[in-house]
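Student: Straight run, no breaks: the sequence shown in this note's numbering ends on number 482. Here a beta-carbon is modelled for each residue, glycine too, at the ideal position from N, C-alpha and C.
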Amino acid sequence: ELPWFTRTWIIQEVALSQEDPLILQGQHMYPWNRLGWASSWLRRNGYLRLAQIPNQMQNVDTISNIRRSRCCWRLDALLVATSIKCHATDQRDKVYALLGLAAENKDMSSQPDELCPNYELDVTHVYTRVTLFCLREYKELSILTRAMGVSSDASQDQRKYKVGLLPSWVPNWCDFTVVERDVAKSFSWLSHPNNANAATLGFPEHYKASFGLPIRLFESPDQSVLRLSGLKADIVFSVTPFDDKPPSSRGHAHESAFLRLWKATLSFLPEKRALTDWIASWVKATTAEQYLLSGSIVEQILKDGSAYLLNILSDHEHLWLCGTPPGGGHDIISLLRELSMGGDPESYTSLASNLCVNRKFIVTSKGRMGLGPEGTKPGDIVSVILGEGVPYILRKQESSFLFVGESYIHGLMGGEAVQAWQRGELAEEILELR
49 ELPWFTRTWI IQEVALSQED PLILQGQHMY PWNRLGWASS WLRRNGYLRL
99 AQIPNQMQNV DTISNIRRSR CCWRLDALLV ATSIKCHATD QRDKVYALLG
149 LAAENKDMSS QPDELCPNYE LDVTHVYTRV TLFCLREYKE LSILTRAMGV
199 SSDASQDQRK YKVGLLPSWV PNWCDFTVVE RDVAKSFSWL SHPNNANAAT
249 LGFPEHYKAS FGLPIRLFES PDQSVLRLSG LKADIVFSVT PFDDKPPSSR
299 GHAHESAFLR LWKATLSFLP EKRALTDWIA SWVKATTAEQ YLLSGSIVEQ
349 ILKDGSAYLL NILSDHEHLW LCGTPPGGGH DIISLLRELS MGGDPESYTS
399 LASNLCVNRK FIVTSKGRMG LGPEGTKPGD IVSVILGEGV PYILRKQESS
449 FLFVGESYIH GLMGGEAVQA WQRGELAEEI LELR
C-alpha cells in the first residue's frame, strides 16, 4: 500500500540493479540516471526544500547517491540518510532492508550477529542492538542524531508508530507522518564526496566540543543502559520555542519568532565593548554555525545575520528596547549598521529558520546561547561526552540520565569544556543514560 518511491525495500532494488532501472510514464520511458540527475540538480540549487517540490524527489536523490557510490556505505550513514524519507510496513525493516547495502555485511561469511535479520526480536531490541554495534564498532556518537529523546519532544508526535520501552538514547528510525522539511534538522552531516566514494556520517569539522579526545564506553549488564565518560559543562537556564505560529505574511516570515529569541538573551546583555562578540554569538547560535549549508563562509553569515537583526530591531524597537539599559538599544542599532555592511538578510533567515524548526533556543546559566532539542527544559544539563563534536542535553533521573538530544551551544563547540576539565574546573564522570 506504500507509494513505490517511499518504500525502504526499493532502495536496494535500485542501488544493486546491474542495469539502469527504467521509469515508465504513459507512453514514455526514461532511464533512472536522468531522474537521479534531475533530483541532484534540484538539491544543489536549493529547490528540494521548497514545499511545491514532491518530497519523493529527496528519496530519488538519496537512492541515486547510494547507487553511484563505488564503495558500500556504512550502516549508520544509510540509516540516517533514509529513516525519515522512507517507510516500511514492518518497522524492523527500516534496518533489515538496508543490510544488503551496508559495508559491514560486504563479507557475508563474517556477518555480525547484531546485523543478522531476526524477526523474533521486537523493534526495541532490533534498534538497540544495531545502535550498540555501531557505537562499539566506530566509537562515534553521530548515530544518536535521531535518538528517541524525551516524551515532550515534538518528534514523538510526528511518528506513525509508538515504540514502547525504547531507551532515550537509542535512535527511533520508525516512520514519520510528516515530510522531512517539517522535522528538526540534524546537526550531523552526511558528506557526499565528488569521487563517488561512500558518504560518511559525522559532524562538521569545526564542531570540536570534546577537543579530539576519544570516546570512552563502559560495559553495562543491561543493554538498555549506555555508560559513557563525559563532563557536565553547564545548566539550561531558559528555553524559547522558535515558532508556534505560521509566518504572518510574505517578507515577514518568522519575525516574531526571531524577536522572541533576541529578547530571551537581553538579561545577559554585556557592556558596550563586548557587544560585537555577543551579536556574533546570537547569529552563530541561531544558525548552529551551519553556514556551509548555504554555500557561505562564517564572516558572510555574520554580516547576513547582522543585516537581518538591524531590519527587525529597527522596525520593532518598542518590543525590545524596554529590556535594555538606557542607551543600550541605540548602541546595538549603531553597531549593527557597521556589522551588516554587505550582508543579505534573506540568506540569514533562510538558513536560521531551517535550523531552528522544532528546536528550542537555549540560554545557559553561564550566559551561553544555542539550539537544543524541542524537549529541552530549564534545569537540564549541558554535557560534553568525550569523543564527539557536539554537546548533549541530559536530564537527571535519580542516579542516571535521560538523553534529551544533541545541541549546539556557542562557547562549548571548540573544546572549552575539555580545557576547563584539564585546568581542574570540571570533573570527568561516568554518565549512565537510560
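(1) From the DSSP output, which residues share a beta bridge with E480?
(2) Tell me the rounded alpha-carbon separation between G391 and L274.
(3) Please confirm whether any heavy atom of the ligand PLP lies closer than 7 angstroms to the CB of H458.
(4) Could you say if the segment 95-110 and the segment 226-239 meet the contact criterion of at least three C-beta pairs nearer than 8 angstroms?
(5) Determine the DSSP secondary structure at M483, reduced to helix, strand or coil.
(6) Take the Cβ of Y396 as the centre, count every other Cβ of all protein chains shown within 10 Å, and call the residue buried at 16 or more, exposed below.
(7) Where does E365 land, buried or exposed, given buried means 16+ other C-beta within 10 angstroms?
(8) Can you check the segment 111-152 for any alpha helix (DSSP H) of at least 4 residues that lies completely inside it and give the ranges in chain order?
(9) Where does A133 land, buried or exposed, given buried means 16+ other C-beta within 10 angstroms?
(10) Rounded to whole angstroms, what's the CA-CA distance from P295 to Y95? Just pull it up for me.
(11) Do the CB positions of D201 and T412 come within less than 8 angstroms of each other?
(12) Can you tell me whether DSSP reads W237 as helix, strand or coil?
(13) Going by Cα to Cα distance, which pick from S199, E454 and N81 is closest to E436?
(14) Tell me the DSSP secondary structure of H364 in three-state form.
(15) Using 8 angstroms for Cβ pairs, my map puts A129 next to L238. What's the rounded Cβ distance?
(16) Candidates V452, F449, S448 and P439: which alpha carbon is nearest V466's?
(17) Which residue or residues does DSSP assign as beta-bridge partners of G27?
(18) For D142, which of N220, R115 and M156 has the nearest alpha-carbon?
(19) Taking C-beta to C-beta, are G418 and I381 nearer than 8 angstroms?
(20) Among L126, L90 and F259, which one has its Cα closest to the Cα of P102?
(21) How is the alpha helix (DSSP H) around K154 delimited, first residue to last?
(22) Is the CB-CB distance between L123 and A150 below 8 angstroms?
(23) Pull up the distance between the alpha-carbon of S112 and that of A63, whole angstroms please.
(24) Put R207 into one of helix, strand or coil per three-state DSSP.
(25) CA-CA distance, L72 and Y78?
(26) Looking only at its own chain, which residues have a Cβ that is under 6 angstroms from the Cβ of E303, when we skip the five neighbours before and after it?
(27) D282 bridges to which residues according to DSSP?
(28) Does DSSP put P318 in a helix, in a strand, or in coil?
(29) Please classify I345: is it buried, with 16 or more other beta-carbons within 10 angstroms of its beta-carbon, or exposed?
(30) Applying the 10 Å Cβ sphere with the 16-neighbour rule, what's the burial state of G299?
(31) Per DSSP, what kind of secondary structure is I381 in: helix, strand or coil?
(32) Please name the residue in T54, Y356, I433 and F451 whose C-alpha comes closest to that of I478.
(33) Using a Cβ-Cβ cutoff of less than 7 angstroms, which residues in the same chain neighbour S286 once the five nearest sequence positions on both sides are dropped?
(34) What is the rounded straight-line gap between the Cα of E476 and the Cα of L265?
(35) Please report the residue range of the alpha helix (DSSP H) in which Q470 lies.
(36) Where does H135 land, buried or exposed, given buried means 16+ other C-beta within 10 angstroms?
Tutor: According to the structure data:
(1) R275.
(2) In this structure, the CA atom of G391 is about 45 angstroms from the CA atom of L274.
(3) Absence of the ligand PLP is noted for the structure shown, with no ligands found whatsoever.
(4) Look at the beta carbons and you see the segment 95-110 touching the segment 226-239: at least three pairs across the two are nearer than 8 angstroms.
(5) The structure shown does not extend to residue 483, since the chain spans only 49 to 482, so no value can be given for it.
(6) The Cβ neighbour count for Y396, taken over all protein chains shown within 10 Å, is at least 16; the residue is labelled buried.
(7) In the assembly as shown, E365 is an exposed residue. Its beta-carbon has fewer than 16 other beta-carbons within 10 Å.
(8) For the segment 111-152, whole alpha helix (DSSP H) runs of length 4 or above, ordered along the chain, are 123-130 and 141-144.
(9) Note that residue 133 corresponds to Lys in the displayed sequence, not to Ala. Taking a 10 Å sphere around the C-beta of K133, we find 16 or more other C-beta atoms and assign the residue as buried.
(10) Because P295 sits at a pLDDT of 46, beneath the cut-off of 50, its placement in the model cannot be relied upon, and the point is left open.
(11) Their beta carbons are not under 8 angstroms apart, which means D201 does not touch T412 by this criterion.
(12) Three-state result, W237: strand.
(13) Nearest C-alpha to E436: E454.
(14) Three-state result, H364: coil.
(15) Yes, they are in contact, since the Cβ atoms of A129 and L238 sit about 6 angstroms apart, within 8 angstroms.
(16) When only C-alpha atoms are compared, the closest one is P439.
(17) Not covered by the structure: residue 27. The range shown for the chain is 49 to 482.
(18) Per the sequence shown, residue 142 should be read as Lys rather than Asp. Of N220, R115 and M156, the residue nearest in Cα terms is N220.
(19) Contact flag unset, no.
(20) Per the Cα distances, L90.
(21) It is not in any alpha helix (DSSP H) - K154 carries neither H nor E in the DSSP assignment.
(22) Yes; because the gap between Cβ atoms is below 8 angstroms, this pair is in contact.
(23) Our two residues, S112 and A63, have alpha carbons roughly 7 angstroms apart in a direct line.
(24) Of the three classes helix, strand and coil, the one that applies to R207 here is strand, per DSSP.
(25) Answer to the nearest angstrom: the Cα atoms are 7 angstroms apart.
(26) Only I360 meet the Cβ criterion.
(27) Note: D282 sits in a beta bridge opposite V430.
(28) Coil at P318, not helix or strand.
(29) Classification of I345: exposed, given that the 10 Å Cβ count is below 16.
(30) With a pLDDT of only 46 at G299, under the threshold of 50, the placement of this residue in the model should not be trusted; the figure read from the coordinates follows. Counting the other CB atoms within 10 Å of its CB gives G299 a total below 16, which places it among the exposed residues.
(31) Here I381 sits in helix by DSSP.
(32) Of the candidates T54, Y356, I433 and F451, I433 places its Cα closest to the Cα of I478.
(33) Shown here for S286: same chain residues with a beta carbon closer than 7 angstroms to its own, the five before and five after excluded, namely A312, V411 and P426 in chain order.
(34) It is roughly 13 angstroms from the alpha-carbon of E476 to the alpha-carbon of L265.
(35) Taken as a continuous stretch (DSSP letters only), the alpha helix (DSSP H) holding Q470 covers E464 to Q470.
(36) Buried.
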